[in-house]
Each structure stands twice: as structure tokens, then as C-alpha cells.
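Everything below concerns the one structure shown next.
Numbering (UniProt numbering), first residue to last: 1 to 67.
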């Protein structure tokens, strides 16, 4: 999912699913490949879309750095 699609999703959704990874970072569900999600997810949280806007850029960077 590219950054523009993530921002469109966040701006149009009242709530979005997020998760905390092993590093303690909050990420958007669906940002990373399934295997990475399963290996790194510690807990899930449903956030207001407006609160999750800052998560999208960091999530994209983290996915790129791990691949």
C-alpha cells in the first residue's frame, strides 16, 4: 500500500486498526507483509483515524528497512 492510499484511508475512516510491534512502535494494520505482521505484533488497538495519521509514514519506512 503506498503512502497516498494510506492517507486516503486515514482521512476517510472514523476508526482504523493499528498494532504495536516488538520495537514498541504503533503501525497501521496492513502496512507490512503478513509474515512480518505475525512475527512483530504484540497487541492490537483501534484508533480514531485522525489520531493514526502520523503512523503512516513511519510504517512505510519500517517496511522498507526490513525488506
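Ideal Cβ placement from N, Cα and C applies to all residues, glycine included.
Asked: Which listed residue (54, 31, 26 and 53) has its alpha carbon closest to that of residue 45; Found: 26
Asked: Environment of residue 31 [buried if 16+ CB atoms lie within 10 Å]; Found: buried
Asked: Buried versus exposed call for residue 16 [16 or more other C-beta atoms within 10 Å across all chains shown]; Found: buried
Asked: Cα-Cα separation, residue 53 to residue 42; Found: 21 Å
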